[in-house]
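K.L.:
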Amino acid sequence: MVKTYTSYLRVDELIDLQTPASEDHDEMLFIVIHQVYELWFKQLLHEFDRVIALLTSDDPHRAQHTLKRILTILKVMVAQLDILETMTPLEFLSFRARLEAASGFQSDQFRQLEFVLGAKNDKAITRFPDGSRARAALQQRFAEPTVWDAFLRYLAREGYAVPQAQLTRDVAARIEPSPELQAILVDVYRTDPKNAELCERLVDLDEGIQEWRYRHVKMVERTIGARMGTGGSSGAEYLRNTVGRNLFPDLWEIRASLEWEARTRRGGRLQ
Numbered sequence: 003m004v005k006t007y008t009s010y011l012r013v014d015e016l017i018d019l020q021t022p023a024s025e026d027h028d029e030m031l032f033i034v035i036h037q038v039y040e041l042w043f044k045q046l047l048h049e050f051d052r053v054i055a056l057l058t059s060d061d062p063h064r065a066q067h068t069l070k071r072i073l074t075i076l077k078v079m080v081a082q083l084d085i086l087e088t089m090t091p092l093e094f095l096s097f098r099a100r101l102e103a104a105s106g107f108q109s110d111q112f113r114q115l116e117f118v119l120g121a122k123n124d125k126a127i128t129r130f131p132d133g134s135r136a137r138a139a140l141q142q143r144f145a146e147p148t149v150w151d152a153f154l155r156y157l158a159r160e161g162y163a164v165p166q167a168q169l170t171r172d173v174a175a176r177i178e179p180s181p182e183l184q185a186i187l188v189d190v191y192r193t194d195p196k197n198a199e200l201c202e203r204l205v206d207l208d209e210g211i212q213e214w215r216y217r218h219v220k221m222v223e224r225t226i227g228a229r230m231g232t233g234g235s236s237g238a239e240y241l242r243n244t245v246g247r248n249l250f251p252d253l254w255e256i257r258a259s260l261e262w263e264a265r266t267r268r269g270g271r272l273q
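Taking our numbering, the leading residue of the sequence shown gets 3, the next gets one more, and so forth.
Shown next as structure tokens:
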């Protein structure tokens, strides 16, 4: 059989996946947007696996290229919230009850993204049934090194004296700031443009994730206010607690040191 656009992309199956639970006009938009988000989450996981593999094989240039693609996807994801916000609170409430316990809080792929970026929480795993695809995927991500771990190991192979405690840290633990590592990162910025650029892409990534979280919480506040989330979460309150947490704290902590050094080089003058 000759492969066609329809058969290659499995369009017939794809457009059959939207099954609103009500006759409400706006429910279709809600379903399509969230299904698209799940596809983007799948693609982001694919790209992050690529970043880790490229750093592991000491290919920072292609790792940077992949990070730029990730950043572009994040911008598209944020922009899609503008579409969702065309739905008024009354339009959403007209079918919200049909969601029953369904909630974005239950997206295992987004939890996987958090895990690969170092924001791991074993309680997230227990929310999914034993033997399910979601639970198995989260357990695997929980045990695997993060993007940050791959970056630190790459720096060590580049000749930097990354503390052994950082290289052998528990990859299931949250990333904590390290003054010893910060001194090394300042040196990277001072003397190594190639790897300083890689550091900046990681800062861009951290900022991009925070932008997504912020816009997401504002969209939820705009739509349901202070109501409880459909999946049993506290809704906007829960989401607000996730905003402002830096994924890679060391790359933010060194900003003051870099600014002080730049001022010292200029004789104390701000420019």
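Here a beta-carbon is modelled for each residue, glycine too, at the ideal position from N, C-alpha and C.
1. When we look at the beta-carbon of Ala258 and count the other beta-carbons within 10 Å, is it buried (16 or more) or exposed?
2. Alpha carbons only, please: which of Leu140, Phe32 and Phe130 is nearest the one belonging to Glu116?
3. Let me know the secondary structure DSSP gives Val219 once reduced to three states.
4. Would you identify the three-state DSSP class for Thr225, choosing helix, strand or coil?
5. Please report how far the alpha carbon of Asp206 lies from the alpha carbon of Leu187, in whole angstroms.
6. When we look at the beta-carbon of His27 and count the other beta-carbons within 10 Å, is it buried (16 or more) or exposed?
7. CB Glu40 to CB Gln111, shorter than 8 Å?
8. Tell whether a beta-carbon distance below 8 Å holds between Cys201 and Leu119.
9. Who are the Cβ neighbours of Met30 in its own chain at under 7 Å, not counting the five residues just before and after it?
10. Determine whether the beta carbon atoms of Gln66 and Arg217 lie at a separation below 8 Å.
11. In its own chain, which residues sit with a C-beta less than 7 Å from the C-beta of Thr148, not counting the 5 before and 5 after it?
12. Hey, would you say the C-beta of Phe144 is under 7 Å away from at least one heavy atom of the ligand MN?
13. CB-CB under 7 Å to Gln273, same chain, minus the five flanking residues each way: which ones, in chain order?
14. Is it the case that the Cβ atoms of Arg52 and Thr74 are separated by a distance below 8 Å?
15. If I measure Cβ to Cβ from Asp14 and keep anything under 8 Å in the same chain, skipping five residues before and after, which residues do I get?
16. Residues in its own chain within less than 8 Å of Leu154 by CB, not counting five upstream and five downstream?
17. Starting from the Cα of Lys196, find the closest Cα among Glu209, Thr58, Arg176 and Pro62 and give me that residue.
18. What are the start and end residues of the alpha helix (DSSP H) that includes Ile54?
19. Thinking C-alpha only, which one of Asp208, Arg224, Ile211 and Tyr156 is nearest Ser59?
20. When we look at the beta-carbon of Ile85 and count the other beta-carbons within 10 Å, is it buried (16 or more) or exposed?
21. If you follow the alpha helix (DSSP H) that Ala185 is in, where does it begin and where does it stop?
22. Give me, in chain order, the residues of the same chain whose beta-carbon lies closer than 8 Å to that of Trp42; leave out the 5 immediate sequence neighbours on both sides.
23. Go ahead and pull the three-state DSSP assignment for Ala198.
24. Do you know how far the Cα of Arg192 is from the Cα of Asp132?
25. Since Ala126 and Arg113 should fall inside the 8 Å C-beta cutoff, what is the C-beta to C-beta distance between them, to a whole number of angstroms?
26. Could you give the DSSP three-state label for Gly161: helix, strand or coil?
27. Where does the unbroken alpha helix (DSSP H) through Val4 begin, and where does it stop?
P.N.:
So, from the data block:
1. exposed
2. Leu140
3. helix
4. helix
5. 16 Å
6. exposed
7. yes
8. no
9. Gln20 and Pro22
10. no
11. Val118, Leu119, Gly120 and Val173
12. What this structure holds is no ligand at all, so the ligand MN is not there to describe.
13. Model confidence at Gln273 stands at a pLDDT of 46, short of 50, so the residue's coordinates are unreliable; what they give is reported in the following sentence. Within the same chain, Gln273 has no close Cβ partners at all.
14. no
15. Thr8
16. Val164, Gln168, Leu169 and Leu183
17. Pro62
18. Glu29 to Thr58
19. Tyr156
20. exposed
21. Pro181 to Thr193
22. Ile75, Val78 and Met79
23. helix
24. 49 Å
25. 5 Å
26. coil
27. Counting along the chain, Val4 falls outside any alpha helix (DSSP H), and DSSP gives it neither H nor E.
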